[in-house]
Amino acid sequence: MSKTQFPLRFDPSFENVPDDEVETQSGLTEAMLAIQRKTHADTGYAHRAVHAKAHGYLKAKFEVLPDLPTSLAQGLFERAATYDTILRFSTTPGDVLGDNVSTPRGVALKVLGVSGARLPGSESDTTQNYVLGNIRHRFKWQLLPAF
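Numbering (my numbering), first residue to last: 137 to 283.
Right under this line is the structure:
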């Protein structure tokens with residue numbers, strides 16, 4: 137495989153759907169539901185399956201700079217603009233742990249007022265979401281023993 141010196145403009149033909157994608161999605165769904173059930177059983181409250189503990193929210197401006205290279209100027213980054221944005225800082229576990237317990241951290245970025253092409257079922261949405269985390273492992277690797 138050759139190394140590309142710059143990002144490629146997105147094209148649906150680049151997607152490589154693994155043969156086990158449906159199994160992986162089912163495994164992820166069941167894992168999330170199991171975490172929610174366990175957390176509810178332990179605390180008596182329903183929590184998100186992951187990143188349940190929010191450490192804070194920020195209102196911000198997300199600026200797309202002008203004159204980006206063609207290889208980067210696609211989707212949200214196609215034209216210069218400034219968007220209202222909300223950031224949510226959180227930790228991974230579904231159960232709410234004390235601050236002294238070290239766990240991976242996450243940031244969710246919700247960019248507001250975004251127009252453009254959408255995936256089926258989200259055509260009327262006007263947000264673009266990014267989920268960032270500091271964990272080194274992919275979820276699928278952690279779920280494989282369950283299959």
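Beta carbons: idealized from backbone N, C-alpha and C, even for Gly.
Small disclaimer: the values here were computed from a predicted structure and weren't measured.
Exposure of residue i, with buried meaning 16 or more beta-carbon neighbours within 10 Å
| i | result |
| --- | --- |
| Thr263 | exposed |
| Arg145 | exposed |
| Gly252 | exposed |
| Gly249 | exposed |
Cα-Cα separation between residue i and residue j, rounded to whole angstroms
| i | j | result |
| --- | --- | --- |
| Asp178 | Leu245 | 30 Å |
| Pro214 | Asn270 | Checking the sequence shown, residue 214 turns out to be Glu, not Pro. Glu214 and Asn270: Cα-Cα distance of roughly 27 Å. |
| Pro281 | Gln210 | The predicted model places Pro281 with a pLDDT of 45, which falls under 50 and marks its position as unreliable, so this point remains unresolved. |
| Asp114 | Leu201 | No answer is possible for residue 114: the residues shown for the chain start at 137 and end at 283. |
| Ile171 | Ser162 | 14 Å |
| Thr175 | Met168 | 11 Å |
| Asp203 | Asp155 | 39 Å |
| Phe225 | Gly234 | 15 Å |
Cβ-Cβ separation, residue j to residue i (assumed contact under 8 Å), whole Å
| i | j | result |
| --- | --- | --- |
| Ala267 | Phe198 | For the record, residue 267 in the displayed sequence is Val; it is not Ala. About 15 Å separates the two Cβ atoms, so there is no contact after all. |
| Leu194 | Leu223 | 4 Å |
Beta bridge counterpart(s) of residue i as assigned by DSSP
| i | result |
| --- | --- |
| Thr221 | Ala196, Val247 |
| Tyr266 | Leu245 |
Cβ of residue i within 8 Å of any chain D Cβ
| i | result |
| --- | --- |
| Val250 | In the displayed structure, chain D is absent; only one protein chain is listed. |
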